[in-house]
């Protein structure tokens, strides 16, 4: 999709370069182009499958994987709107994956999923370019609902 086909509305989010990110509002009438593309990277197959299922039930296109390398490959294919990345992946740190994706896809929203939110994790997340940090203890449904809130912005 080229810049001529999409007009976006700027919205303020808590994190992001300059505190401003692009929103999902598009002028295209194609149903597929309006469907938010979400990528999930989590080492636990059952966890990522359950979150993906919940998001699909709400009309999102979801691809789930366990490694940072395959997440980046999928991102190059579909140009995601949101990437939900666990702090520990099969092959590398989720913070490193987030930083790599941020460099390649500055328009995508990066959300990190951590065990506990500590000040250190918040600093790392901001440094990596994440716009949000979620706790794994919120449960699969809670995390999926928080992701859907980002889609609605």
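Residue numbers (the numbering used here): 63 to 215.
Glycine included, every Cβ here is placed at the ideal spot set by N, Cα and C.
By the criterion of at least three beta-carbon pairs nearer than 8 Å, the stretch 109-116 is not in contact with the stretch 152-169. Apart from the 5 residues on each side of it in sequence, residue 194 sits with its Cβ closer than 6 Å to the Cβ of 173 in its chain, given in chain order. Around the CB of residue 106, fewer than 16 other CB atoms lie within 10 Å, so the residue is classed as exposed. Membership of residue 163 in the alpha helix (DSSP H) is indicated by the continuous run 156-166. The distance from the Cβ of residue 144 to that of residue 209 is about 6 Å, consistent with a contact at the 8 Å cut-off. For residue 140, DSSP records no beta bridge to any residue. Put simply, of 97, 134, 214, 119 the residue whose alpha carbon is nearest the alpha carbon of residue 166 is 134. Annotation: residue 104 to residue 121 spans about 21 Å, alpha carbon to alpha carbon. For the 8 Å CB-CB criterion, residue 137 and residue 161 do not form a contact. Residue pairing by DSSP puts residue 103 in a beta bridge opposite 127, 147.
Under the 10 Å beta carbon count, residue 119 is surrounded by fewer than 16 other beta carbons and is classified as exposed. With a 10 Å radius around the Cβ and a threshold of 16 neighbouring Cβ atoms, residue 180 comes out exposed. For residue 131 and residue 204, the gap between their C-alpha atoms comes out near 26 Å. Counting along the chain, residue 171 sits inside the beta strand (DSSP E) bounded by residues 171-176.
The three-state reading of DSSP puts residue 121 in coil, since its state is none of H, G, I, E or B. The alpha-carbon of residue 159 is positioned some 13 Å away from that of residue 170.
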